[in-house]
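Some notes on the structure that comes next.
Numbering (the numbering used here), first residue to last: 1264 to 1542.
Structure, rendered in structure tokens:
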């Protein structure tokens, strides 16, 4: 009622334009009474379904490859188109076969070639890791020429961790292409599949430069926007700095107080500089 009185008062004072007076209407936002009990009922049904699946050891996720419109050849072609790279699709098939692929039920429905297949992606995983390691070491050394070798190794180990590789495998669409007993595939399964895909790329007639660029585009770009101190944990930084300065014929580091503000307060701030003089 008060809103209507205020609206009438504004209209008398000519605050509301006459041409807009027909558009401005008081509105009450509310939900119908059936929405809350309906949502509650849906949640109860979903809990019962999940409980029954757990009792029957059934996965909560449906394998996309078992749908009627699945076409493995088209999916592999789409993978190459997404990456804009040329692949030998027989090698890609091998790269996406986890060692547990023979335990997958109805694997012939996923891909007919799985019926007579024997080789898994173990060989391509090792090859892919070698390609990724060499490419990342080359890239990081050129990108950070002044970073010590320990820092390069720390960055490389982070970029080759299962978490990073599995994340890239997930985002390029390997989750539904990997043939493994578990679904959704685990972090280690996805990271191995990604390494095997890089190995398949290097054996598909692509030169070393092309494989290097693919690794840089997919993996090395993950350090963009990161705080490298979170990746490289330096123990005893002053001792480590002294070692680096000694290798460059410089004296030991000397900390000096540059300026301070807010002394003896809760917001005290001290700026300390590290100085060294060449020998």
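Glycine is no exception: its CB is placed at the ideal position from the N, C-alpha and C atoms.
(1) By DSSP's criteria, residue 1520 is part of a beta bridge. Which residues make up the other side?
(2) Closest by CA to residue 1351, which one among 1504, 1364 and 1336?
(3) Kindly indicate the opening and closing residues of the alpha helix (DSSP H) around residue 1413.
(4) Restricting to runs no shorter than 3 residues, where is the beta strand (DSSP E) found entirely within the segment 1334 to 1362?
(5) In angstroms with no decimal places, state the Cα-to-Cα distance between residue 1355 and residue 1460.
(6) When you compare only the Cα positions, how much space is there between residue 1360 and residue 1426?
(7) Going by the beta-carbon positions, is the gap between residue 1384 and residue 1348 smaller than 8 Å?
(8) Any contact of the segment 1405 to 1419 with the segment 1298 to 1307, i.e. 3+ C-beta pairs under 8 Å?
(9) Can you grab the Cα-Cα spacing for the pair residue 1462 / residue 1390, in whole Å?
(10) Please classify residue 1540 as buried or exposed, where buried requires at least 16 neighbouring CB atoms within 10 angstroms.
(11) For residue 1511, count the other beta carbons within 10 Å of its own beta carbon; 16 or more makes it buried, fewer makes it exposed. Which is it?
(12) Rounded to whole angstroms, what's the CA-CA distance from residue 1393 to residue 1474? Just pull it up for me.
(13) Answer with buried or exposed for residue 1353, where buried requires no fewer than 16 other C-beta atoms within 10 angstroms of its C-beta.
(14) Would you check if the distance between the CB atom of residue 1454 and the CB atom of residue 1428 is smaller than 8 Å?
(15) Looking only at its own chain, which residues have a Cβ that is under 7 Å from the Cβ of residue 1505, when we skip the five neighbours before and after it?
(16) Return the chain-ordered list of same chain residues with a C-beta closer than 8 Å to the C-beta of residue 1528, the five sequence neighbours on each side being excluded.
(17) Determine the DSSP secondary structure at residue 1494, reduced to helix, strand or coil.
(18) For residue 1417, tell me which candidate among 1531, 1477, 1490 and 1532 has the shortest Cα-Cα distance.
(19) Output needed for residue 1450: all residues of its chain with C-beta closer than 7 Å, excluding positions within five of it in sequence on either side, in chain order.
(20) Just to confirm the assignment: which complete alpha helix (DSSP H) runs, minimum length 4, are found wholly within the segment 1417 to 1477?
(21) Using the Cβ count rule (16 or more neighbours within 10 Å means buried), how would you classify residue 1448?
(22) Report the three-state DSSP secondary structure of residue 1513 (helix, strand or coil).
(23) Could you please give the first and the last residue of the uninterrupted alpha helix (DSSP H) stretch that includes residue 1325?
(24) Measure the alpha-carbon distance for residue 1364 versus residue 1437 and round it to whole angstroms.
(25) Helix, strand or coil for residue 1525 per DSSP?
(26) What first and last residue would you give for the alpha helix (DSSP H) that runs through residue 1409?
(27) Starting from the Cα of residue 1339, find the closest Cα among 1488, 1441 and 1521 and give me that residue.
(28) Could you check what DSSP says for residue 1507 in three-state terms: helix, strand or coil?
On the basis of the data shown:
(1) 1535
(2) 1336
(3) 1412 to 1422
(4) none
(5) 6 Å
(6) 20 Å
(7) no
(8) no
(9) 5 Å
(10) exposed
(11) exposed
(12) 11 Å
(13) exposed
(14) yes
(15) 1515 and 1516
(16) none
(17) helix
(18) 1490
(19) 1425, 1426 and 1429
(20) 1425 to 1434 and 1450 to 1465
(21) buried
(22) strand
(23) Per DSSP, residue 1325 belongs to no alpha helix (DSSP H) and is neither H nor E.
(24) 15 Å
(25) coil
(26) Per DSSP, residue 1409 belongs to no alpha helix (DSSP H) and is neither H nor E.
(27) 1441
(28) helix
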